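Visitor: Protein chains in written order, with this note's numbering: chain A, 1 to 364; chain B, 365 to 750.
I'd like to ask you about the structure that follows.
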Amino acid sequence: MTARVYLDHAASSPLRPAARAAIGRALDLAGNASSVHAEGRAARAVVEAARRTLAAAIGGATGGIVFTSGATEANAAALGAGGRMLAAAVEHPSVLAQPGVEPLAVDSAGRLDLQALATALEERDVACVALMLANNETGVLQPVAEAAALAHRAGARLHVDAVQAFGRVPLDVAALGADSAALSAHKLGGPKGAGALWLRDPDAFHPLLRGGGQEHRRRAGTENVAGIAGFAAAAGAIEPEEADRLAALCRTLEAEACRLVEDAVVIGADAPRAPHITALALPGMAAATQVMALDLAGVAVSAGAACSSGKVARSHVLAAMGVAPALADSTIRVSLGWSTTSADIDRFLDAWGDLARRRRKDAL
Amino acid sequence: MAEIDLAGLALAPGERVVVAMSGGVDSAVTAALLKEAGCDVVGITLQLYDHGQAAGKKGACCAGQDIEDARNVADAIGIPHYVLDFEARFKAAVIDDFAESYAAGRTPIPCVRCNQRVKFRDLLEVARELGAVALATGHYARRVGGRAGAELWRARDAQKDQSYFLFATTQDQLDFVRFPLGALDKATTRAVAERLALPVAQKPESQDICFVPTGHYSNIVGKLAPRAMRKGAILHVDGRQLGEHAGIGRFTVGQRRGLKVAEGEPLYVVGLDAEEAIVHVGPRAAGLTSGLTVADCNWLGRPAAGDRLAIKHRYNEPAVTGRLAAPAIGESARLAFDEPQAGVAPGQAAVLYAGERLLGGGWIERTSPARGKAGIEPHAATVLGA
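This is the structure in structure tokens:
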């Protein structure tokens, strides 16, 4: 049996060896990071080292990093202060579901309409604008710096969901003008269940979880030391040339897919995008069918947003971009990561090309 | 121990078969037996409706226990399993038709519509796209014959026979589908589930219409087709008004209970007038019909006019004898019963059998009153409803 080809890194990436090693070491630390004894100090040292590593990885930003259970918690904590909030209609559900968030229109590439943002900021008293750096379904990059300038002019904060961009595009959260940023470990080869929230001004932050004094009273609860250690190790293991390597693989994938299948469509093809995500449509074949057929052929990709039942719902991202429903329903997401090789891309293209030929035969 | 005969199902080990898994024991055993026989089994469960909404529970998960059960079974027998969102097409093809039928004074059979318009059309198409050679379901019916020109027969277990619900399966569809349980009885199915320790071995049979788990179908009919819930008169076939009713969508021809009118003799619903919102009732004799007209027929055999056939006009009633009154023309046909029948309801299906073999059938459009039995013309309403 041939090995499987995993091209769903935007959902979750395989654990990097460096992360596995760091997690193993941290799991053997008996102490609670809040304890005063040697065991506690050892655990605390791991957490603080991780904090420094991550701070360096997002531009050496000053301010504070609060470790969380993941990016959903980080988004909720950043947007939990209340007040009126604006967010691009293509944001992650963990942003759009926050009370008080109003969606803003995007253009056909999925980029926030800055004019619409300016108008909304003039008309309303807005506490915060939320904008993702790279979209999780298309990889399209948002004009975060421009939006931050507009938000600040209107007295609003800017929160950036940097989950998909982290490790894939050069990231300097302070230079972007962001006031807070959400990060996740498992999208870049760290463990699931670990994330972080960066805060420009930690003192102005209202904690989501209260109780113990952990994380400078910004997040109660015993630290997930192993998860945090794995997160930092994964971030530290990103090689400088990794993004360029993924971008080259993605370019090959898209060019070959369009050569194999005349009517194939790459969603957001002309917009600036993160290097690891391709939203690829095979008109006339349901995305769910493509995902199943590819899975049976040993290739893992995804489509839309998976509900807990496993059913695939229509993508709110593609809908907000004005992609025709029929095209949206035939769009899959292929996402690459640290372990992806050019052989993986070839295997995907073979399997997907077979599918496309099956479609042709049926159409005749 | 092999409960199924793969060759008899026109399948070979290694061939890919998609199994429609409902979450019940029958389709679980179907998948397990095919897997055991060496097929490349792929389980698919259709999300047909929002379970939380159907059960009236706010905030309940969109997927019900059945999808969980199907997934657990697939894990237990080691096959890939997928859930497909068919909510929109199920609503359009089955639920809307269900409500509209009641509003038109008919008694629908949603399971036939689901097989005809969802499972054996869209799911079958997905199975083909996945490179499967067949789509298997847990129905109790037999598909007899080779890969081409298959015939549909009753299940070996007459108690469990579900061929009636499959009458609308086209020849093309029948060639692609398989019913591995058709040769088994329910006890064997349960025994297999026990032997393989399937997580659903003890699961009770579902009795309700799947999208009406509460059993109160009038709620959904009222919501989707409010005119089915217009108040109206209950008229005796002798012309007297006996009372009022709260909507013809609450009644079915042949029904006796729930009329809430006091008469010396037992009364039955003998006709529903959708236009005037009238429920016609009368003694059993008033509801007797000598024959009926079916529309949207589907033929898997070629019965000739005059052939003596078994006619099943309601799922929970045994078949009766009768014949085609005239050669079937196009999509409609006229059937005559040997003996007048009660409770023949427009909207149900009349399905024809020659011995074990299902020849075809159609949807009951009109019924013909049995003359001279009651001395009245009770069926104007039924005819109007057509």
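Glycine included, every Cβ here is placed at the ideal spot set by N, Cα and C.
It should be emphasised that the depicted structure is a prediction, and the values quoted were computed from it without experimental measurement.
1) Put Cys-425/B into one of helix, strand or coil per three-state DSSP.
2) When the Cα atoms are used, what is the spatial distance from Gly-513/B to Leu-722/B?
3) Mind pulling the chain B residues with CB within less than 9 Å of Ala-296/A?
4) So with Cβ pairs under 9 Å, would you call Val-564/B a contact of chain A?
5) Does any residue of chain A have a CB that is nearer than 9 Å to the CB of Val-490/B?
6) Anything in chain B within Cβ reach of Ala-11/A, meaning under 8 Å, just list it in chain order.
7) Using a C-beta to C-beta distance shorter than 7 Å, which residues of chain B count as neighbours of Thr-222/A?
8) Taking the CB atoms as reference points, tell me whether Arg-84/A and Asp-113/A lie closer together than 9 Å.
9) Can you find the residues in the same chain that come closer than 7 Å, C-beta to C-beta, to Ala-118/A, ignoring five residues on each side of it along the sequence?
10) Rounded to whole angstroms, what is the Cα-Cα separation between Gly-388/B and Gly-502/B?
11) Go through its chain and collect everything with a Cβ distance to Trp-605/B's Cβ below 6 Å, but skip five positions before and after it.
12) Do Val-66/A and Phe-166/A have their CB atoms nearer than 9 Å?
13) I want to see whether chain B comes within less than 9 Å of Arg-357/A, judged by CB atoms only; does it?
14) Count the other C-beta atoms from every protein chain shown that fall within 10 angstroms of the C-beta of Leu-197/A, then say buried if there are 16 or more, exposed otherwise.
15) Which of the three DSSP states is assigned to Ala-10/A in this structure?
16) What is the DSSP secondary structure of Glu-608/B, counted as helix, strand or coil?
17) Please tell me whether Gly-651/B and Val-625/B are closer than 9 Å, where the distance is taken between their beta carbons.
18) Figure out for me which residue from Asp-350/A, Leu-121/A, Ser-339/A and Leu-133/A has the closest Cα to the Cα of Ile-58/A.
19) Do you know how far the Cα of Arg-542/B is from the Cα of Arg-219/A?
20) Between the segment 440 to 472 of chain B and chain A, which residues of the former have CB atoms less than 7 Å from a CB of the latter, in chain order?
21) Shorter than 9 Å from the beta carbon of Gly-289/A to some beta carbon of chain B?
22) Please check the pair Ile-345/A and Gln-290/A, which I expect to be a contact at CB under 8 Å, by giving their CB distance rounded to whole angstroms.
23) Could you tell me the boundaries of the alpha helix (DSSP H) in which Arg-20/A lies?
24) DSSP three-state call for Asp-113/A: helix, strand or coil?
25) DSSP three-state call for Phe-166/A: helix, strand or coil?
26) Mapping the DSSP letters down to three states, classify Ile-728/B as helix, strand or coil.
27) Leaving out five residues before and five after Gln-526/B in sequence, what residues of the same chain have Cβ atoms less than 6 Å from its Cβ?
28) Could you tell me which chain B residues have their CB closer than 8 Å to the CB of Ala-293/A, listed as they occur along the chain?
29) Using the beta-carbon count (16 or more within 10 Å), is Asp-572/B buried or exposed?
30) What residues of chain B sit near Met-285/A, judged by a beta carbon separation below 8 Å?
31) Take the Cβ of Gln-566/B as the centre, count every other Cβ of all protein chains shown within 10 Å, and call the residue buried at 16 or more, exposed below.
32) Leaving out five residues before and five after Gly-423/B in sequence, what residues of the same chain have Cβ atoms less than 6 Å from its Cβ?
33) Could you check where the alpha helix (DSSP H) with Cys-796/B kicks off and where it finishes?
34) Could you tell me whether the segment 229 to 244 of chain A touches the segment 292 to 303 of chain A, where touching means 3 or more Cβ pairs closer than 8 Å?
35) Ignoring anything shorter than 4 residues, give me the alpha helix (DSSP H) runs that lie fully in the segment 190 to 274 of chain A, in order along the chain.
36) For Leu-158/A versus Ala-194/A, is the C-beta spacing smaller than 9 Å?
Guide: To lay it out plainly:
1) Per-residue confidence for Cys-425/B stands at a pLDDT of 49, beneath the threshold of 50, marking its modelled position as unreliable; the derived number appears in the next sentence. In this structure, Cys-425/B counts as coil in the three-state DSSP scheme.
2) For Gly-513/B and Leu-722/B, the gap between their C-alpha atoms comes out near 13 Å.
3) As written in the sequence, residue 296/A is Leu, which differs from the Ala given in the question. Contact of Leu-296/A with chain B by beta-carbon distance below 9 Å involves Arg-380, Asp-404, Val-406, Pro-444, Leu-494 and Gly-495.
4) By this cut-off, Val-564/B is not an interface position.
5) Closer than 9 Å to some Cβ of chain A, the Cβ of Val-490/B qualifies, so yes.
6) Within chain B, no residue has its CB atom less than 8 Å from the CB of Ala-11/A, the nearest being about 16 Å off.
7) What Thr-222/A touches in chain B: nothing, since even the nearest Cβ is about 30 Å away.
8) Not a contact, by the Cβ cut-off of 9 Å.
9) Shown here for Ala-118/A: same chain residues with a beta carbon closer than 7 Å to its own, the five before and five after excluded, namely Leu-150 in chain order.
10) Taking the straight line joining both Cα atoms gives about 9 Å.
11) This sequence places Gln at residue 605/B; Trp is not what is there. Shown here for Gln-605/B: same chain residues with a beta carbon closer than 6 Å to its own, the five before and five after excluded, namely Ala-597 and Leu-599 in chain order.
12) No.
13) So no, Arg-357/A is outside the interface.
14) Around the beta carbon of Leu-197/A, 16 or more other beta carbons lie within 10 angstroms, which makes this residue buried.
15) Under the three-state reduction of DSSP, Ala-10/A is assigned to coil, being neither helix nor strand.
16) Here Glu-608/B carries a strand assignment [DSSP, helix/strand/coil].
17) Not a contact, by the Cβ cut-off of 9 Å.
18) Checking every option, the nearest Cα to that of Ile-58/A belongs to Leu-133/A.
19) Rounded to the nearest angstrom, the two C-alpha atoms are 57 Å apart.
20) Here the close residues are Pro-444, Tyr-446, Val-447, Leu-448 and Asp-449.
21) This sequence places Thr at residue 289/A; Gly is not what is there. At least one chain B Cβ lies under 9 Å of Thr-289/A.
22) Going by Cβ atoms, the distance from Ile-345/A to Gln-290/A rounds to 16 Å, so no, they are not a contact pair.
23) Arg-20/A -> alpha helix (DSSP H) spans 17 to 27.
24) Here DSSP, grouped into helix, strand and coil, assigns Asp-113/A to coil.
25) DSSP places Phe-166/A in coil when its eight states are reduced to three.
26) Looking at Ile-728/B - three-state DSSP - the assignment turns out to be strand.
27) Residues His-503, Tyr-504 and Ala-505 of the same chain have their beta carbon placed closer than 6 Å to that of Gln-526/B, with the five preceding and five following residues left out of the count.
28) Neighbourhood of Ala-293/A in chain B, by CB distance below 8 Å: Glu-493, Leu-494 and Gly-495, in chain order.
29) It is exposed - the Cβ of Asp-572/B has fewer than 16 other Cβ atoms within 10 Å.
30) Near Met-285/A (Cβ distances below 8 Å), the residues of chain B are Glu-493.
31) Label assigned to Gln-566/B: exposed.
32) Caution applies to Gly-423/B, whose pLDDT of 46 falls short of 50 and renders its modelled position unreliable; the model cannot decide the point.
33) Past the edges of chain B, shown from 365 to 750, lies residue 796/B, and the structure says nothing about it.
34) Because the criterion of three Cβ pairs below 8 Å is not met, the segment 229 to 244 of chain A and the segment 292 to 303 of chain A do not touch.
35) Counting only runs of 4 or more, we get 214 to 217, 225 to 236 and 242 to 260.
36) Taking the C-beta atoms as reference points, Ala-194/A is found no nearer than 9 Å to Leu-158/A.
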